[in-house]
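For reference, the structure discussed in these notes is given below.
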Amino acid sequence: MLARSPLVGPLVALLVAVVVFAVITDTFLRPTNLSLILQQSVVIGILAVAQTIVILTAGIDLSIGAVAVLGTIVLAKVGGEHGPLVAIVAAAAVLAVVGLVNGALVAWVHLPPFIVTLGVFTAMYAATQLYAGSQVYPVAKGPLTWLGTKLSFGGLTITTGVLAMLLLYLLAWYVLSHTAAGRHLYAVGGAPEAARLTGIRSGRVLVITYLVAGVVAVVAAWAALGRIPNADPNAYQNANLETITAVVIGGTSLFGGRGSVLGTLVGTLIVAVLRNGLTQAGVDNLYQNIATGALVIAAVALDQVSRRRVQT
Amino acid sequence: MLASRKTTPSRRIRALAAGTGVLALLGLAGCSSQPSGGSGDGASPGDAVKVGLITKTDTNPFFVRMRDAAKEAADAQGAELIALAGAFDGDNEGQVAAIENLVSQGVQGILITPNSSTGILQAIADARDAGVIVIALDTATDPEDAVDATFATDNHQAGVYQGAWVKAKLGDSEPVVAMLDGTPGGTVDTFRHDGFLEGMGLTESSPQIAAKENTNGDQTKAQTAMENILSAHADVNAVYTINEPAARGAFQAISDAGLADGVTIGSIDGSCAGVQAVADGQIGATVMQFPNEMAALGVKAVVKYAADGTKPTGFHDTGAQLITDQPVEGLDSQDSAWGLENCWG
Numbered sequence: 000m001l002a003r004s005p006l007v008g009p010l011v012a013l014l015v016a017v018v019v020f021a022v023i024t025d026t027f028l029r030p031t032n033l034s035l036i037l038q039q040s041v042v043i044g045i046l047a048v049a050q051t052i053v054i055l056t057a058g059i060d061l062s063i064g065a066v067a068v069l070g071t072i073v074l075a076k077v078g079g080e081h082g083p084l085v086a087i088v089a090a091a092a093v094l095a096v097v098g099l100v101n102g103a104l105v106a107w108v109h110l111p112p113f114i115v116t117l118g119v120f121t122a123m124y125a126a127t128q129l130y131a132g133s134q135v136y137p138v139a140k141g142p143l144t145w146l147g148t149k150l151s152f153g154g155l156t157i158t159t160g161v162l163a164m165l166l167l168y169l170l171a172w173y174v175l176s177h178t179a180a181g182r183h184l185y186a187v188g189g190a191p192e193a194a195r196l197t198g199i200r201s202g203r204v205l206v207i208t209y210l211v212a213g214v215v216a217v218v219a220a221w222a223a224l225g226r227i228p229n230a231d232p233n234a235y236q237n238a239n240l241e242t243i244t245a246v247v248i249g250g251t252s253l254f255g256g257r258g259s260v261l262g263t264l265v266g267t268l269i270v271a272v273l274r275n276g277l278t279q280a281g282v283d284n285l286y287q288n289i290a291t292g293a294l295v296i297a298a299v300a301l302d303q304v305s306r307r308r309v310q311t
Numbered sequence: 000m001l002a003s004r005k006t007t008p009s010r011r012i013r014a015l016a017a018g019t020g021v022l023a024l025l026g027l028a029g030c031s032s033q034p035s036g037g038s039g040d041g042a043s044p045g046d047a048v049k050v051g052l053i054t055k056t057d058t059n060p061f062f063v064r065m066r067d068a069a070k071e072a073a074d075a076q077g078a079e080l081i082a083l084a085g086a087f088d089g090d091n092e093g094q095v096a097a098i099e100n101l102v103s104q105g106v107q108g109i110l111i112t113p114n115s116s117t118g119i120l121q122a123i124a125d126a127r128d129a130g131v132i133v134i135a136l137d138t139a140t141d142p143e144d145a146v147d148a149t150f151a152t153d154n155h156q157a158g159v160y161q162g163a164w165v166k167a168k169l170g171d172s173e174p175v176v177a178m179l180d181g182t183p184g185g186t187v188d189t190f191r192h193d194g195f196l197e198g199m200g201l202t203e204s205s206p207q208i209a210a211k212e213n214t215n216g217d218q219t220k221a222q223t224a225m226e227n228i229l230s231a232h233a234d235v236n237a238v239y240t241i242n243e244p245a246a247r248g249a250f251q252a253i254s255d256a257g258l259a260d261g262v263t264i265g266s267i268d269g270s271c272a273g274v275q276a277v278a279d280g281q282i283g284a285t286v287m288q289f290p291n292e293m294a295a296l297g298v299k300a301v302v303k304y305a306a307d308g309t310k311p312t313g314f315h316d317t318g319a320q321l322i323t324d325q326p327v328e329g330l331d332s333q334d335s336a337w338g339l340e341n342c343w344g
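Below you can see the structure in the form of structure tokens.
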């Protein structure tokens, strides 16, 4: 029950938003516009997978956006000198190490995830600027921009990045809900004491979670180059907050152990639909932010209310 | 709340439905508050010319002024303005999404102040391929012909005015210069910086330059930077600032150090707060830009394109005016009273 019901709310919200925008604008439902919404969701959507698994362990990853930006610079710089394959391996290695550091500090030094990832965020942002020399690195069309390749299905044009995002969600959903590793992750976040008593090695689960989050960020970095073939150290400054927004709107509890990646996918789409739809309806950017903020608070309030009801 | 315990899902759905209802209202309110000449929601492309404007951020007064001016110009010509923005300086993704959304809405032209001179070229190219003209405002793209035309301040020239005035004001004394720059790598920053040095008759490696600091054009950061510079170089007598907030930060640090009489501060922008600081004697001179001019010319060009297919081309200098109450020989300037009448923000 608890595993399924959190998805209902976000789905209803998404449907209502789609219907409302379909009624009040005449451009929203066009296939080209719908495919745009998917394309615009890719980078944040992929990063939100990483954010979801971290939040499910009752953690939070404030560094994820900055880490992904570092990934884009590594891809672009190394790719320019040694080719795309080496670049992807190098970026995966660097980001896995960053994830490992996050995980080790949280799991083995027992520091609060908020503090650890805040520190890593600040340090990574600066390290990226240093490594990039505060410059923008253009990327030639090729394997590194492959996730931006456009595919047409009838009237709908989507990118390989959209497919990669959907595939990643499917994979994450399967691992989380149908494997022992997934159950362990839920247990560590939702009932740490019970997890310990049943012999789950919480520390190892946490470290692996943050490490996987780092590797997922590489995919996001790759997808980012597909969307904008320029690695810019100043980009994605709010990405960490946007992923948290998507996760929370998607019904995953900030207190860990409850929620699903499919909810996060819906949450990502809700934000993208709101932004696109409100734009089409002629609503000012700043009002869009107010709407998104209100939705975040509403989602957390709902989580709190249902949680309190479970406990009493 | 806790007294009645109904089944969780139905309650949650009801609450969410209420929430989305509010959002829907927000959407409708935004729609109806647009005074678009009588044409309702069913307006198809062709009814009114749609002009898109994408600024770097929503909150910088310079871009607020630009947006208001574009709105006025659009209203005057019966066009509809759709204004979007990035979330922060450097938000390429946000600007690309904005371009895509505007093309999807069927605008005839997009006016954009690009956050990155290179990061959004693909999206601009796609928009132009879709038959939309794209005009850069305030900041040029690299290469410049990635857009149809550019309406902007000649920032190099503006920097030269600032430098030339500071040099004249110093007279015979040997300059000891502190440079409060913006963000590393920005084209506007580089143009102004280089222009200032040219106006001063200096080069990047001149020994007269005591210190350079990045301030992101932020008053607080500029004040901290200036304090740090002064504690190492108390003999600074000339300050270059990337914009007026940086200049005000510099003045605060300088006057706190008791050095206000011996230091000449130059700036660029022409905001009302900046011109007021000139009138108050905090900033020696500023160079005014004309964001309203950029916006008005941009809207006009799009409307003309929609009417007869004429595309604007090349770089259009929207002008730069030196504002100071201490005019110097050989440099055209206006006083702060004129400045306060023509300022923005």
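So the protein sequences, as listed, match chains A and B.
If you read the first sequence in numbering that gives the first Met the number 0, its first letter stands for residue 0, the second for the next number, and so on.
If you read the second sequence in numbering that gives the first Met the number 0, its first letter stands for residue 0, the second for the next number, and so on.
Note that the Cβ used here is the ideal one computed from N, Cα and C, for glycine as well.
> From Gly-257(B), Ile-241(B), Asp-255(B), pick the residue whose C-alpha is nearest to that of Gly-265(B); which is it?
Replying inline: Counting from one through the second sequence, the residue named residue 265(B) turns up at place 266. Among Gly-257(B), Ile-241(B), Asp-255(B), the Cα nearest to that of Gly-265(B) belongs to Ile-241(B).
>> Do Gly-213(A) and Trp-107(A) count as a contact pair if the criterion is CB distance below 8 Å?
In response: Mapped onto the first sequence, residue 107(A) falls at position 108. Mapped onto the first sequence, residue 213(A) falls at position 214. Going by C-beta atoms, Trp-107(A) is not nearer than 8 Å to Gly-213(A).
> What first and last residue would you give for the beta strand (DSSP E) that runs through Ile-345(B)?
Replying inline: The question about residue 345(B) has no answer here: the residues shown for chain B are numbered 0 through 344.
> What did DSSP end up calling Asn-291(B) once you bin it into helix, strand or coil?
Replying inline: Within the second sequence, the letter at position 292 stands for residue 291(B). Here Asn-291(B) sits in helix by DSSP.
>> Is the separation between the beta-carbon of Asn-100(B) and that of Asn-275(A) shorter than 8 Å?
In response: The residue you call residue 100(B) lines up with position 101 of the second sequence. The residue you call residue 275(A) lines up with position 276 of the first sequence. Less than 8 Å divides the Cβ of Asn-100(B) from the Cβ of Asn-275(A).
> Ile-72(A): buried (16+ other C-beta within 10 angstroms of its C-beta) or exposed?
Replying inline: Counted from its first residue, the first sequence places residue 72(A) at position 73. The residue is buried, with at least 16 neighbouring Cβ atoms inside 10 Å.
> Taking Cβ-Cβ distances below 8 Å as the criterion, which residues of the segment 220-239 of chain A are in contact with chain B?
Replying inline: When CB distances to chain B are screened at a threshold of 8 Å, the residues of the segment 220-239 of chain A falling below it are Ala-223, Arg-226, Ile-227, Pro-228, Asn-229, Asp-231, Asn-233, Ala-234, Tyr-235, Gln-236, Asn-237, in chain order.
>> To the nearest angstrom, how far is the alpha carbon of Lys-76(A) from that of Thr-144(A)?
In response: One-based indexing of the first sequence puts residue 76(A) at position 77. One-based indexing of the first sequence puts residue 144(A) at position 145. Rounded to the nearest angstrom, the gap between the Cα atoms of Lys-76(A) and Thr-144(A) is 14 Å.
>> Can you tell me whether Pro-137(A) is helix, strand or coil according to DSSP?
In response: Stepping through the first sequence from its first residue, residue 137(A) is reached at position 138. Looking at Pro-137(A) - three-state DSSP - the assignment turns out to be strand.
> Within the 8 Å Cβ cut-off, does Thr-31(A) reach chain B?
Replying inline: By one-based count along the first sequence, residue 31(A) stands at place 32. Under the Cβ criterion of 8 Å, Thr-31(A) is counted among the residues facing chain B.
>> Looking at chain A, is there any beta carbon in it that lies within less than 8 Å of the beta carbon of Leu-25(B)?
In response: Along the second sequence, read from residue 1 onward, the residue named residue 25(B) stands at position 26. Low per-residue confidence applies at Leu-25(B): pLDDT is 45, beneath 50, and the placement is therefore not dependable, though the value from the model is reported in the following sentence. Cβ-Cβ to chain A under 8 Å: yes for Leu-25(B).
> For Asn-59(B), does the three-state DSSP call read helix, strand or coil?
Replying inline: Here residue 59(B) refers to the residue found at position 60 of the second sequence. In this structure, DSSP gives Asn-59(B) a state outside helix and strand, which the three-state scheme calls coil.
> Mind checking if Ala-84(B) is an interface residue toward chain A, Cβ cutoff 8 Å exclusive?
Replying inline: Within the second sequence, residue 84(B) is the residue found at index 85, counting from 1. Residue contact with chain A for Ala-84(B): present (Cβ-Cβ distance below 8 Å to some residue of chain A).
> Can you list the residues of chain A that Ser-230(B) reaches, using a CB-CB cut of under 8 Å?
Replying inline: In the second sequence, residue 230(B) corresponds to position 231, counting from 1. In chain order: nothing, as chain A lies at least about 23 Å away.
>> Which of the three DSSP states is assigned to Leu-110(A) in this structure?
In response: Taking the first residue of the first sequence as 1, we reach residue 110(A) at position 111. Assigned with DSSP and collapsed to three states, Leu-110(A) falls in coil, not helix or strand.
>> For Phe-150(B), report the span of its beta strand (DSSP E) as first-last.
In response: For the purposes of this step, residue 150(B) is identified with residue 151 of the second sequence, where counting begins at 1. Unbroken beta strand (DSSP E) run through Phe-150(B): 148-151.
> Would Arg-307(A) be called buried (16 or more neighbouring beta carbons within 10 Å of its own) or exposed?
Replying inline: Locating residue 307(A) in the first sequence gives position 308, counting from the first residue. Per the 10 Å Cβ criterion, exposed.
>> For a cutoff of 8 Å on Cβ pairs, would you count Glu-92(B) as touching chain A?
In response: Reading the second sequence from its first residue, position 93 is the one you call residue 92(B). It does: the Cβ of Glu-92(B) has a partner Cβ on chain A nearer than 8 Å.
>> At a CB distance below 7 Å, what residues from the segment 134-160 of chain A approach chain B? Give them in sequence order.
In response: Correct list: Gln-134, Val-135, Pro-137.
>> Let me make sure I understand the geometry here. Which of Tyr-124(A), Val-299(A), Asp-283(A), Leu-150(A) has the alpha-carbon closest to that of Val-247(A)?
In response: Locating residue 247(A) in the first sequence gives position 248, where the first residue counts as 1. Comparing Cα positions, the closest option is Val-299(A).
>> Counting C-beta neighbours from all protein chains within 10 Å, is the total for Val-96(A) 16 or more, i.e. buried, or is it exposed?
In response: Position 97 of the first sequence, counted from the first residue, corresponds to residue 96(A). Exposed is the call here.
> Would a check of beta-carbon distances place Leu-35(A) closer than 8 Å to chain B?
Replying inline: Counting from 1 along the first sequence, the entry for residue 35(A) is found at position 36. Yes, because at least one Cβ of chain B sits closer than 8 Å to the Cβ of Leu-35(A).
>> Does Gly-256(A) pass the burial test, meaning 16 or more other C-beta atoms within 10 Å, or should it be called exposed?
In response: In the first sequence, counting from the first residue as 1, residue 256(A) sits at position 257. Classification of Gly-256(A): buried, given that the 10 Å Cβ count is 16 or more.
> Closer than 8 Å, Cβ to any Cβ of chain B: which residues of the segment 266-287 of chain A, in chain order?
Replying inline: Residues of the segment 266-287 of chain A with a C-beta less than 8 Å from any C-beta of chain B: Leu-273, Arg-274, Asn-275, Gly-276, Leu-277, Thr-278, Gln-279, Ala-280, Gly-281, Val-282, Asp-283, Asn-284, Leu-285, Tyr-286, listed in chain order.
>> According to DSSP, simplified to helix, strand and coil, what is Lys-299(B)?
In response: Position 300 of the second sequence, counted from the start, is the residue given in the question as residue 299(B). If DSSP states are grouped into helix, strand and coil, Lys-299(B) belongs with the helices.
>> With DSSP as the reference, identify every bridge partner of Asp-180(B), one or two as the case may be.
In response: Here residue 180(B) corresponds to residue number 181 of the second sequence, with the count starting at 1. Asn-213(B), per the DSSP bridge assignment.
> Exposed or buried, what is Ile-269(A) when buried is set at 16 or more other beta-carbons lying within 10 Å of its beta-carbon?
Replying inline: Residue numbering aside, residue 269(A) sits at position 270 when the first sequence is read from its first letter. Burial call: buried.
> How is His-315(B) classed by DSSP in three states: helix, strand or coil?
Replying inline: Here residue 315(B) corresponds to residue number 316 of the second sequence, with the count starting at 1. In this structure, His-315(B) counts as strand in the three-state DSSP scheme.
>> Please tell me whether Gly-185(B) and Tyr-304(B) are closer than 8 Å, where the distance is taken between their beta carbons.
In response: For this step, residue 185(B) is matched to residue 186 along the second sequence. For this step, residue 304(B) is matched to residue 305 along the second sequence. For Gly-185(B) and Tyr-304(B), no; Cβs fall outside 8 Å.
> Which of helix, strand or coil does DSSP assign to Ile-123(B)?
Replying inline: On the second sequence, position 124 is the one that residue 123(B) refers to. Reduced to three states, the DSSP call for Ile-123(B) is helix.
> What does DSSP give as the partner residues of Ala-194(A) in its beta bridges?
Replying inline: In the first sequence, residue 194(A) corresponds to position 195, counting from 1. According to DSSP, which records beta bridges pairwise, Ala-194(A) is partnered with nothing at all.
> For Thr-121(A), which residues in chain B fall below 8 Å Cβ to Cβ?
Replying inline: For this step, residue 121(A) is matched to residue 122 along the first sequence. By Cβ distance, chain B contributes nothing, its closest Cβ being about 16 Å from Thr-121(A), past 8 Å.
> Quick one: what's got a C-beta closer than 8 Å to Phe-62(B)'s C-beta in the same chain, skipping five residues either side?
Replying inline: Working through the second sequence from its first residue, we reach residue 62(B) at position 63. Excluding residues within five positions, the ones whose Cβ falls inside 8 Å are Thr-54, Lys-55, Thr-56, Ala-84, Thr-112, Pro-290.
> Whose CA, out of Ala-336(B), Lys-220(B), Leu-229(B), Met-225(B), lies closest to the CA of Val-274(B)?
Replying inline: Counting from 1 along the second sequence, the entry for residue 274(B) is found at position 275. For Val-274(B), the nearest C-alpha among the options comes from Ala-336(B).
> What are the start and end residues of the beta strand (DSSP E) that includes Phe-152(A)?
Replying inline: Taking the first sequence and counting its residues from 1, one reaches residue 152(A) at position 153. Unbroken beta strand (DSSP E) run through Phe-152(A): 149-152.
>> So Val-218(A) and Ile-36(A) are supposed to be a Cβ contact under 8 Å. How far apart are they, rounded?
In response: To locate residue 218(A), count along the first sequence from 1; it is residue 219. To locate residue 36(A), count along the first sequence from 1; it is residue 37. Between the beta-carbon of Val-218(A) and that of Ile-36(A) there is about 20 Å, and that puts the pair past the 8 Å contact cut.
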